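There are 2 protein chains.
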Amino acid sequence: MFRLFSQTRRCLQVKRALQRQEWPLRPAHLTAATQQASFSTVSVEHLSRSDSWPKDVGILALEVYFPSQYVEQVELEKYDGVEAGKYTLGLGQKQMGFCSAHEDINSLCLTVVQRLVERSRLSWDSIGRLEVGTETIIDKSKAVKTVLMQLFQDSGNTDVEGIDTTNACYGGTASLFNSVDWVESSSWDGRYAMVVCGDIAVYATGNARPTGGAGAVAMLVGPEAPLVLERGVRGTHMEHVYDFYKPDLASEYPMVDGKLSIQCYLRALDQCYSVYRKKIQSQWQKVGVDKPFTLEDFQFMIFHTPFCKLVQKSVGRMMLNDFLAAPNPDTQSGLYKGLQAFRYSAQQLAGSRIGAFSYGSGLAASLFSMRVSQDAAPGSPLDKLVSSLSDLQTRLDARKCVPPEEFAEIMKQREKSHHLVNHTPQGSKDDLFPGTWYLERVDDKHRRQYARRPL
Amino acid sequence: MFRLFSQTRRCLQVKRALQRQEWPLRPAHLTAATQQASFSTVSVEHLSRSDSWPKDVGILALEVYFPSQYVEQVELEKYDGVEAGKYTLGLGQKQMGFCSAHEDINSLCLTVVQRLVERSRLSWDSIGRLEVGTETIIDKSKAVKTVLMQLFQDSGNTDVEGIDTTNACYGGTASLFNSVDWVESSSWDGRYAMVVCGDIAVYATGNARPTGGAGAVAMLVGPEAPLVLERGVRGTHMEHVYDFYKPDLASEYPMVDGKLSIQCYLRALDQCYSVYRKKIQSQWQKVGVDKPFTLEDFQFMIFHTPFCKLVQKSVGRMMLNDFLAAPNPDTQSGLYKGLQAFRYSAQQLAGSRIGAFSYGSGLAASLFSMRVSQDAAPGSPLDKLVSSLSDLQTRLDARKCVPPEEFAEIMKQREKSHHLVNHTPQGSKDDLFPGTWYLERVDDKHRRQYARRPL
Numbered sequence: 019m020f021r022l023f024s025q026t027r028r029c030l031q032v033k034r035a036l037q038r039q040e041w042p043l044r045p046a047h048l049t050a051a052t053q054q055a056s057f058s059t060v061s062v063e064h065l066s067r068s069d070s071w072p073k074d075v076g077i078l079a080l081e082v083y084f085p086s087q088y089v090e091q092v093e094l095e096k097y098d099g100v101e102a103g104k105y106t107l108g109l110g111q112k113q114m115g116f117c118s119a120h121e122d123i124n125s126l127c128l129t130v131v132q133r134l135v136e137r138s139r140l141s142w143d144s145i146g147r148l149e150v151g152t153e154t155i156i157d158k159s160k161a162v163k164t165v166l167m168q169l170f171q172d173s174g175n176t177d178v179e180g181i182d183t184t185n186a187c188y189g190g191t192a193s194l195f196n197s198v199d200w201v202e203s204s205s206w207d208g209r210y211a212m213v214v215c216g217d218i219a220v221y222a223t224g225n226a227r228p229t230g231g232a233g234a235v236a237m238l239v240g241p242e243a244p245l246v247l248e249r250g251v252r253g254t255h256m257e258h259v260y261d262f263y264k265p266d267l268a269s270e271y272p273m274v275d276g277k278l279s280i281q282c283y284l285r286a287l288d289q290c291y292s293v294y295r296k297k298i299q300s301q302w303q304k305v306g307v308d309k310p311f312t313l314e315d316f317q318f319m320i321f322h323t324p325f326c327k328l329v330q331k332s333v334g335r336m337m338l339n340d341f342l343a344a345p346n347p348d349t350q351s352g353l354y355k356g357l358q359a360f361r362y363s364a365q366q367l368a369g370s371r372i373g374a375f376s377y378g379s380g381l382a383a384s385l386f387s388m389r390v391s392q393d394a395a396p397g398s399p400l401d402k403l404v405s406s407l408s409d410l411q412t413r414l415d416a417r418k419c420v421p422p423e424e425f426a427e428i429m430k431q432r433e434k435s436h437h438l439v440n441h442t443p444q445g446s447k448d449d450l451f452p453g454t455w456y457l458e459r460v461d462d463k464h465r466r467q468y469a470r471r472p473l
Numbered sequence: 019m020f021r022l023f024s025q026t027r028r029c030l031q032v033k034r035a036l037q038r039q040e041w042p043l044r045p046a047h048l049t050a051a052t053q054q055a056s057f058s059t060v061s062v063e064h065l066s067r068s069d070s071w072p073k074d075v076g077i078l079a080l081e082v083y084f085p086s087q088y089v090e091q092v093e094l095e096k097y098d099g100v101e102a103g104k105y106t107l108g109l110g111q112k113q114m115g116f117c118s119a120h121e122d123i124n125s126l127c128l129t130v131v132q133r134l135v136e137r138s139r140l141s142w143d144s145i146g147r148l149e150v151g152t153e154t155i156i157d158k159s160k161a162v163k164t165v166l167m168q169l170f171q172d173s174g175n176t177d178v179e180g181i182d183t184t185n186a187c188y189g190g191t192a193s194l195f196n197s198v199d200w201v202e203s204s205s206w207d208g209r210y211a212m213v214v215c216g217d218i219a220v221y222a223t224g225n226a227r228p229t230g231g232a233g234a235v236a237m238l239v240g241p242e243a244p245l246v247l248e249r250g251v252r253g254t255h256m257e258h259v260y261d262f263y264k265p266d267l268a269s270e271y272p273m274v275d276g277k278l279s280i281q282c283y284l285r286a287l288d289q290c291y292s293v294y295r296k297k298i299q300s301q302w303q304k305v306g307v308d309k310p311f312t313l314e315d316f317q318f319m320i321f322h323t324p325f326c327k328l329v330q331k332s333v334g335r336m337m338l339n340d341f342l343a344a345p346n347p348d349t350q351s352g353l354y355k356g357l358q359a360f361r362y363s364a365q366q367l368a369g370s371r372i373g374a375f376s377y378g379s380g381l382a383a384s385l386f387s388m389r390v391s392q393d394a395a396p397g398s399p400l401d402k403l404v405s406s407l408s409d410l411q412t413r414l415d416a417r418k419c420v421p422p423e424e425f426a427e428i429m430k431q432r433e434k435s436h437h438l439v440n441h442t443p444q445g446s447k448d449d450l451f452p453g454t455w456y457l458e459r460v461d462d463k464h465r466r467q468y469a470r471r472p473l
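Those protein sequence lines, which keep their order, are chains A and B.
Quick note: the first sequence, position 226, residue 244 per this note's numbering, numbers continuous.
Quick note: the second sequence, position 68, residue 86 per this note's numbering, numbers continuous.
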């Protein structure tokens, strides 16, 4: 999650087990069968539920996983022989996490899902939907979701809907939308949905390499959430472009047209913001509020971050949009006036609106918003969520700093071993965080076996 | 769509332009903003809609595309040097469609989507969601959906949600569920959803090759449909298995453990049917109907068809399940008694329940059901849908029969050219059906350009 004008990349994290009671599982109201004339069977008819969609559907809990090692971007500048500041000032990057050969997209997702379930004290059969958004494809057919079903095995729960969704960095957003729709639809059976977003982003040596990263996030979705997806306002923009894509299926590296991709990102932001504004203003007008929506109406903004500098540019871009859309803009003092509103600390989220811009090359983009619940009292869902994410810095600091030479060597190893069969990943597993799943072995038929580091 | 005990694979087809008036677009009821205390902005609150979910959400129209050439399985038996009847009797296969080098997953989906829009006389901006289910991955990042956005370009409609979904043959089913959920959720903006299922299934020479195929289906999803997805009853089974998967990303061919895959398919059928029965019986009990659900309660069944023989076995399997679940089964005459009920012609669908079993290796499977609308009068949505699908045989007969030698040669060409850059597919395009999109060129940066045969 990114505060506006935040200079560094900030991530969400989980501090402690949520220690929450399980939310009561409310069965969907499944009712009213009537006899049918033409056949012997009995038909199924849903009666209207007493209230239409469940209240406040959104994110109940979050878990974040990132690899235990990183490389300093300032060291990478020296190693790559580029001018000082190219990565750190030019791109706004500071440190880059990366995976060793022991980790792949399956192990990342295994880890983050198990952690969320364990720390939230969920039972495996309380989950009725699980889906994965990723562009880290190591099998063209078998979904990461099916690999995650190993975790459910002892519970006997196999009635878990949802599967993998892909388009560059947008898959996770599409999965979140799908899960929220599911909870609001007649398909909902009263259980939780879980959305997993994971990727290992690595680039060939060159300009794009310092914009890599790796990690996974799992989100628990259901009603009465502290982070509620606002209804009927999201703006989407999709287009056919070759700005970033992965046509060389045997390689982990993408094809990147960096300049085009930045143009696409900003164009998508313009379009999504325009549609979002139009929809929310239309809602406001229906209840007699006639004012333009501006950046001031978001208290926080989250941006997809190809690199940190682009996020700062994006804020300026949205203000430019406001300016262009305003009938009589105050060019003297109005344009920057609202920025004070963003100077909250994390605990002051209650009641705010968080805008979120998601971009996936190719391209698919959406701007949507979340409303934070008003209740921030100790023990409230919001308090629990915020507390669970408060030790991010400690966890980031616990990572091992790896020199660029070693990083480059590990990248070479990954290139070589990426699709080997009869293969056991080399090197020590000691650096993996406790509770991390890792790739143990790929057998002669490409079947992957995973194991877990002790907690 | 498969009738029970149907000996041959039957597909849905479109006979003529639906000539339907566009369904009225009903905007979602977006309402009620209230002032918020802590921030300057206005919040968004949906009031309950007057009736909860839209009525009868399901499939409004269908379009089917298959390639214009096929190989006779009886000829393939001779060419492969296997015993006569191995493919035709043993697997129940008759003819196998396949693509030339001019077609890829993008061109297949371009064709089927444009045909559905043109024949249904839809405007491109009447579509608010479009998603693709496929396991034919030619780019690990860029979704087929983004390629389809080319078709929307002139309309200016880029606010189209949905993206690609993958797990073997299950992706299309997941997409259909997602789209139906979307229409029932607060995300729905009153426009249509479109679901595209497409794949090119080719196998290395050997046992699995005769089970290949290629095609695409586009479905228009919305309320007041002639094929309504029944609510709250679907049974899902997901599991981690390596029965069929595609870990060799550079190859079009999968890894297949055929024997294991059949076991998995039947186990998934057992599980899904068990969950489905439990859910529907629970609904019936709530309205005082206390009887077991049996195969007799489906008037038609659709099965995922790895090969035709397995579908016939599956019906027996479901009857076995009924038998095992029955408290006092009539072993004398009851077991096969209900089968007469399935001997309807296609026009007698009205009011029936169609069961559908979807299986994707890896594995993900669901059993769900559709209720057919009661109104079958001339001009009714059901009548239009059925009419639009009535010339399948004519269209199948219009395909070109290709001898196995030529088929094998085309497969070899595909292997060689599968991921070439700076490449123009070879051979004549004259055999493509009118209105078919095809791959024109892959440039030096893997970017794909498509063109369309005149209508």
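Idealized CB from N, CA, C, for every residue including glycine.
Predicted, not measured: the structure shown is a model, and the values here were computed from it.
Query raised in the report: Looking only at its own chain, which residues have a Cβ that is under 7 Å from the Cβ of P310 (chain B), when we skip the five neighbours before and after it?
Result: Indexing the second sequence from 1 puts residue 310 (chain B) at position 292. For P310 (chain B), where only same-chain residues beyond five positions count, the Cβ hits under 7 Å are Q299, A343 and A344.
Requested in this report: Within 10 angstroms of the Cβ of D415 (chain A), are there 16 or more other Cβ atoms? Answer buried if so, exposed if not.
Outcome: If you number the first sequence from 1, residue 415 (chain A) lands on position 397. D415 (chain A) comes out exposed.
Query raised in the report: On the three-state DSSP scale, how would you describe P42 (chain B)?
Result: If you number the second sequence from 1, residue 42 (chain B) lands on position 24. Because the pLDDT of P42 (chain B) is 27, which lies under 50, any placement of that residue in the model is unreliable, and the number read from its coordinates should be weighed accordingly. Residue state, collapsed to three classes: coil.
Report task. Tell me, please, whether the CB atom of F262 (chain B) is closer than 8 Å to any CB atom in chain A? Result -> Reading the second sequence from its first residue, position 244 is the one you call residue 262 (chain B). Chain A contact via Cβ: present.
Requested in this report: Return the chain-ordered list of same chain residues with a C-beta closer than 7 Å to the C-beta of D157 (chain A), the five sequence neighbours on each side being excluded.
Outcome: Walking along the first sequence from the start, residue 157 (chain A) turns up at place 139. If we look at D157 (chain A) and ignore the five residues flanking it on each side, it has no Cβ neighbours.
Query raised in the report: E289 (chain A) touches chain B at which residues, Cβ-Cβ below 7 Å?
Result: Mapped onto the first sequence, residue 289 (chain A) falls at position 271. Sequence check: residue 289 (chain A) is Gln here, not Glu. Residues of chain B passing the Cβ test: T176.
Query raised in the report: When you compare only the Cα positions, how much space is there between L43 (chain A) and R139 (chain B)?
Result: Position 25 of the first sequence holds residue 43 (chain A). Position 121 of the second sequence holds residue 139 (chain B). Model confidence at L43 (chain A) stands at a pLDDT of 25, short of 50, so the residue's coordinates are unreliable and nothing is read from them.
Query raised in the report: How far does the beta strand (DSSP E) with W455 (chain A) in it reach, from first residue to last?
Result: On the first sequence, position 437 is the one that residue 455 (chain A) refers to. It spans W455 to V460 - the beta strand (DSSP E) in which W455 (chain A) sits, taken as one unbroken run.
Query raised in the report: Mapping DSSP to helix, strand and coil, what is I156 (chain A)?
Result: Mapped onto the first sequence, residue 156 (chain A) falls at position 138. Of the three classes helix, strand and coil, the one that applies to I156 (chain A) here is coil, per DSSP.
Query - C-beta contact flag for T191 (chain A) and S384 (chain A) at 8 Å - result: Residue mapping note: residue 191 (chain A) aligns to position 173 of the first sequence, counting from 1. Residue mapping note: residue 384 (chain A) aligns to position 366 of the first sequence, counting from 1. For T191 (chain A) and S384 (chain A), yes; Cβs fall inside 8 Å.
Query raised in the report: What is the C-beta distance between H258 (chain A) and T164 (chain B), in whole angstroms, given that I count them as a contact (C-beta under 8 Å)?
Result: Taking the first sequence and counting its residues from 1, the one referred to as residue 258 (chain A) is at position 240. Taking the second sequence and counting its residues from 1, the one referred to as residue 164 (chain B) is at position 146. Going by Cβ atoms, the distance from H258 (chain A) to T164 (chain B) rounds to 5 Å, so yes, they are a contact pair.
Query raised in the report: Going along the chain, which unbroken runs of the alpha helix (DSSP H) with 4 or more residues stay wholly within the segment 96 to 153 of chain B?
Result: 123 to 137
**Report entry** H437 (chain A) at chain B interface by Cβ criterion, 8 Å
**Finding:** Counting from 1 along the first sequence, the entry for residue 437 (chain A) is found at position 419. Chain B, which has a Cβ nearer than 8 Å to the Cβ of H437 (chain A), makes this yes.
**Report entry** Residues, ordered as in the chain, of the segment 233 to 258 of chain B that lie near chain A by beta-carbon distance below 7 Å
**Finding:** E248, R249, G250, V251, G253, T254, H255, M256, E257 and H258
Query - Exposure label - R371 (chain A); buried when at least 16 CB within 10 Å - result: Counting from one through the first sequence, the residue named residue 371 (chain A) turns up at place 353. Label assigned to R371 (chain A): buried.
Query raised in the report: Applying the criterion that 16 or more other CB atoms from any shown protein chain within 10 Å of the CB defines a buried residue, is T412 (chain B) buried or exposed?
Result: In the second sequence, residue 412 (chain B) corresponds to position 394, counting from 1. Looking at its Cβ environment, which holds fewer than 16 other Cβ atoms inside 10 Å, T412 (chain B) is exposed.
Query - Sheet register partners of S384 (chain B) (DSSP bridge) - result: Position 366 of the second sequence, counting from 1, holds the residue named residue 384 (chain B). DSSP, once it has assigned bridges, lists B:T254 and B:S376 as partnering S384 (chain B).
Query raised in the report: Between which two residues does the alpha helix (DSSP H) containing A192 (chain A) stretch?
Result: The sequence position of residue 192 (chain A) within the first sequence is 174, counting from 1. Its alpha helix (DSSP H) spans residues G189 to E202.
Query raised in the report: Is there a Cβ from chain B that is less than 8 Å from the Cβ of S159 (chain A)?
Result: As a first step, residue 159 (chain A) must be located in the first sequence, where it is residue number 141. Interface residue, yes.
Query - Contact the segment 70 to 78 of chain A vs the segment 239 to 251 of chain A: 3+ CB pairs below 8 Å - result: yes
Query - chain A contact for K277 (chain B) (CB, 8 Å cutoff) - result: As a first step, residue 277 (chain B) is located in the second sequence; it is residue number 259 there, counting from the start. Chain A, which has no Cβ nearer than 8 Å to the Cβ of K277 (chain B), makes this no.
Query raised in the report: Can you tell which of B:P472, B:F170, B:A234 and B:I181 has its C-alpha closest to the C-alpha of F116 (chain B)?
Result: Numbered from its first residue, the second sequence carries residue 116 (chain B) at position 98. Ranking B:P472, B:F170, B:A234 and B:I181 by Cα distance to F116 (chain B) puts B:A234 first.
Query raised in the report: Counting contacts by CB-CB distance shorter than 8 Å, is L381 (chain B) in contact with chain A?
Result: Locating residue 381 (chain B) in the second sequence gives position 363, where the first residue counts as 1. Yes - at least one Cβ of chain A is within 8 Å of the one on L381 (chain B).
Query raised in the report: If contact means a Cβ-Cβ distance below 8 Å, which residues of the segment 178 to 198 of chain A contact chain B?
Result: V178, E179, G180, I181, D182, T183, T184, N185, A186, Y188, G189, A192, F195, N196 and V198
Requested in this report: Can you give me the Cβ contacts of A161 (chain A) inside the same chain, cut-off strictly under 8 Å, excluding the 5 residues immediately before and after it?
Outcome: One-based indexing of the first sequence puts residue 161 (chain A) at position 143. Taken in chain order, the residues that qualify are V150, I181 and D182.
Query raised in the report: Who pairs with C326 (chain B) in a beta bridge, going by DSSP?
Result: Residue numbering aside, residue 326 (chain B) sits at position 308 when the second sequence is read from its first letter. DSSP lists no partner for C326 (chain B).
Query - Residue from B:G174, B:A469, B:V100 and B:V82 whose Cα sits closest to the Cα of V213 (chain B) - result: In the second sequence, residue 213 (chain B) corresponds to position 195, counting from 1. Among B:G174, B:A469, B:V100 and B:V82, the Cα nearest to that of V213 (chain B) is on B:V82.
**Report entry** Supposed close pair R7 (chain B), K447 (chain B) - CB separation, criterion 8 Å
**Finding:** Only positions 19 to 473 of chain B appear in the structure, and residue 7 (chain B) is not among them; the question remains open.
**Report entry** For A119 (chain B) and C187 (chain A), the rounded distance between their alpha carbons
**Finding:** For the purposes of this step, residue 187 (chain A) is identified with residue 169 of the first sequence, where counting begins at 1. For the purposes of this step, residue 119 (chain B) is identified with residue 101 of the second sequence, where counting begins at 1. Distance between the alpha carbons of C187 (chain A) and A119 (chain B): 30 Å.
Query raised in the report: Mind checking V89 (chain B): buried by the 16 CB within 10 Å criterion, or exposed?
Result: One-based indexing of the second sequence puts residue 89 (chain B) at position 71. V89 (chain B) is buried by the Cβ-count criterion.
Query raised in the report: In chain order, what residues of the same chain lie with their CB nearer than 6 Å to the CB of F451 (chain A), ignoring the 5 residues before and after it?
Result: For the purposes of this step, residue 451 (chain A) is identified with residue 433 of the first sequence, where counting begins at 1. Within the same chain, F451 (chain A) has close Cβ partners S86.
Query raised in the report: For K418 (chain A), which of helix, strand or coil comes out of DSSP?
Result: Against the first sequence, residue 418 (chain A) aligns to sequence position 400. K418 (chain A) falls in the strand class under three-state DSSP.
Requested in this report: State the DSSP-derived secondary structure class of F84 (chain A), mapped to helix, strand or coil.
Outcome: Locating residue 84 (chain A) in the first sequence gives position 66, counting from the first residue. In the structure shown, F84 (chain A) sits in coil (DSSP, three-state: anything other than H, G, I, E or B).
Query - Residue interval of the beta strand (DSSP E) (run including R466 (chain B)) - result: Stepping through the second sequence from its first residue, residue 466 (chain B) is reached at position 448. Start and end: R466 to R470.
**Report entry** Nearest-angstrom beta carbon gap, L109 (chain B) and C326 (chain B) [assumed within contact, 8 Å]
**Finding:** Looking up residue 326 (chain B) in the second sequence gives position 308. Looking up residue 109 (chain B) in the second sequence gives position 91. Yes, C326 (chain B) and L109 (chain B) are in contact; Cβ-Cβ is about 7 Å, under 8 Å.
**Report entry** Short Cβ contact (8 Å threshold) for R147 (chain B) with V198 (chain B)
**Finding:** Taking the second sequence and counting its residues from 1, the one referred to as residue 147 (chain B) is at position 129. Taking the second sequence and counting its residues from 1, the one referred to as residue 198 (chain B) is at position 180. Not a contact, by the Cβ cut-off of 8 Å.
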